[in-house]
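Protein chains: 2
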Amino acid sequence: MTMPLRSDGDGKTLMASVYDRLRGDIVDGELRPGARLRFDELKESYGVGLSPLREALTRLAAEKLVILEEHKGFRVAPISRSDLNDLLFMRQEIESLAIRRAIERGDDQWESAVVATIHALGKRDSLTEGGHIDPEWERRHRAFHDSLVAACDSPRLLLYRQQLTDHADRYRKLSHHYSSSGRDHLSEHCALSDAVIARDADLANQLIRKHLLRTVEIILSGEDLQKTGFDD
Amino acid sequence: MTMPLRSDGDGKTLMASVYDRLRGDIVDGELRPGARLRFDELKESYGVGLSPLREALTRLAAEKLVILEEHKGFRVAPISRSDLNDLLFMRQEIESLAIRRAIERGDDQWESAVVATIHALGKRDSLTEGGHIDPEWERRHRAFHDSLVAACDSPRLLLYRQQLTDHADRYRKLSHHYSSSGRDHLSEHCALSDAVIARDADLANQLIRKHLLRTVEIILSGEDLQKTGFDD
DNA sequence: AAGATAGATATTTTCGAAAATCAATAATAA
DNA sequence: TTATTATTGATTTTCGAAAATATCTATCTT
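Chains A and B are the protein sequences, given in the same order.
Letter 178 of the first sequence, counting from 1, is numbered 178 in my numbering, and no numbers are missing.
Take any residue in the second sequence, note its place counting from 1, add 1000, and you have its number in my numbering.
Spelled out as structure tokens, the structure:
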């Protein structure tokens, strides 16, 4: 038995690793919407060759986080009001569907996990003293929403949900305005978890739709993306 | 003006072209479920180099038509009863959602197109004299279902629908049994188009779900995949 | 004989260079 | 001047070879 214990970094191919980093940088808004992605620059900044870069970008293009124009190269997917509205629509449908299915199939252990994650979420303030989103809160926030659908057993539904969440996270992080909206996350999340634990699918459905809508409303009301951010 | 009139084959990159061919061969069942995809063989049969092949396979992997095991290579996605059931579930949700939205937004021109495609579909028998699915019928069948959702304006919904349709087509074509089931397609399709044109979303919803379920029932009842086809 | 170890082979993954395509500029003609 | 055509430079796309990893077979040990 001579396994080097997977200190990460290896076992993974370069393509998988650069895919993760690129996706992270796009979702974090580090790579701006619409920005051209030249291979010379990417080779420089990510320290890998053409092959893994092209494959990673091809994969991201399939998820629509980047777009490929043939013979012209890759760009970070632009953002627009119409795209954000489409994203909202799909998220409302997919997320409520996943929650409904989780409520149908979830067992006691699943319920307990929901209780545990909402508790952990409540123990942490969403903003740091500097007024920015707290990374630890963000992790717990994601863990909470993931726990709601953890009992959903459809691989395809969970895959689509994951992809849509990535897109939504990007919009939220690009909206600097979002963190200063004074939104009362906790009451929304508590209502949601209560409905889920009470196995009230219709109420949970209604609450998650409102929750997602509220996020988009805040993003659209902000000044920052209003000016030059959107493509439409 | 010196455009060579796009005789196809060019303008498209090699990667895009080999992607189309690979996807077609997988959906047609030419490349068997679970089959290993070795680069030496693929280079031989498709006549292209490594780079476009890897990119095409990466894209197909993102759509789950092939799977990538790191350092072990690509394989055609296996088929299984559980996957087929998951596919059915998602198709029922996505397809009915798309139809509902099309009914909400479609105009007279959209209605006319539905009438035109159901008419064209009815003029053609689904089976050839040899007892196989007629390719021309298959084109019209797809055109009919596409026309139902043509007025759906959500890019994401249509993208997911397209991907799910590819997967479903593969299962159907792998089921040799399917063509000898003596299914009465036309009455199902007519009922569906009637409901859509009457703008009865609930009825259309019910009919499309039944339509998709029936397809899976036929596939699962067949002997051919029963024996060694499925992974579970 | 069963299991582990090491070497050889097959295959994937990655890099660097060549070919093809696009974009921008300069030169030419109406 | 305006539009069209070459020419140059930048960039993507593709190929072929090298490096890394896995798989198979034979050998050795218990």
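We treat Cβ as the ideally placed atom computed from N, Cα and C, and that holds for glycine.
CB contact flag (residue i, residue j, <8 Å)
i       : j       : result
A:L97   : A:L157  : yes
A:A168  : A:L87   : yes
B:L1220 : B:L1174 : no
A:L37   : A:L50   : no
A:Q206  : A:E63   : no
B:Y1171 : B:G1222 : no
A:Y46   : A:R23   : no
A:I103  : A:A204  : yes
B:S1080 : B:D1231 : yes
B:G1131 : B:S1181 : no
B:I1218 : B:R1183 : yes
Proximity test, Cβ basis, 8 Å: residue i and chain B
i      : result
A:P155 : yes
A:R81  : no
A:L97  : yes
A:R38  : no
A:A16  : yes
A:A62  : yes
A:T215 : no
A:T13  : yes
CB-CB length for residue i against residue j, believed under 8 Å
i       : j       : result
B:P1033 : B:P1078 : 5 Å
B:R946  : B:I1094 : This structure cannot speak to residue 946 of chain B, because chain B is shown only from 1001 to 1232.
B:R1059 : B:I1067 : Not quite, the Cβ-Cβ distance comes to about 13 Å (not below 8 Å), so this is no contact.
A:L65   : A:L53   : Between A:L53 and A:L65 the Cβ distance is about 15 Å, and since that is not below 8 Å, they are no contact.
B:G1122 : B:L1186 : 6 Å
Cβ of residue i within 8 Å of any chain A Cβ
i       : result
B:L1053 : no
B:D1146 : no
B:E1093 : yes
B:F1074 : no
B:L1087 : yes
B:H1071 : yes
B:R1059 : yes
Exposure label - residue i; buried when at least 16 CB within 10 Å
i       : result
A:S154  : buried
A:Q109  : exposed
B:H1141 : buried
A:T117  : buried
A:E55   : buried
A:G106  : buried
B:T1215 : buried
A:G229  : buried
A:D83   : buried
B:H1071 : exposed
Residues near residue i by beta carbon distance below 7 Å, same chain, minus five either side
i       : result
B:F1089 : none
A:V114  : S147, L148, S193, V196 and I197
A:D28   : K173
B:W1137 : R1124, D1125 and S1126
B:R1209 : Q1092 and S1096
B:V1018 : Y1046, V1048, P1052, L1053 and A1056
A:F39   : L50 and L53
Residues near residue i in its chain [Cβ-Cβ closer than 6 Å; skip 5 each side]
i       : result
B:R1100 : A1201
B:I1026 : L1065 and V1076
B:D1166 : V1027
Residues near residue i in its chain [Cβ-Cβ closer than 8 Å; skip 5 each side]
i       : result
A:T13   : P52
B:R1199 : I1103
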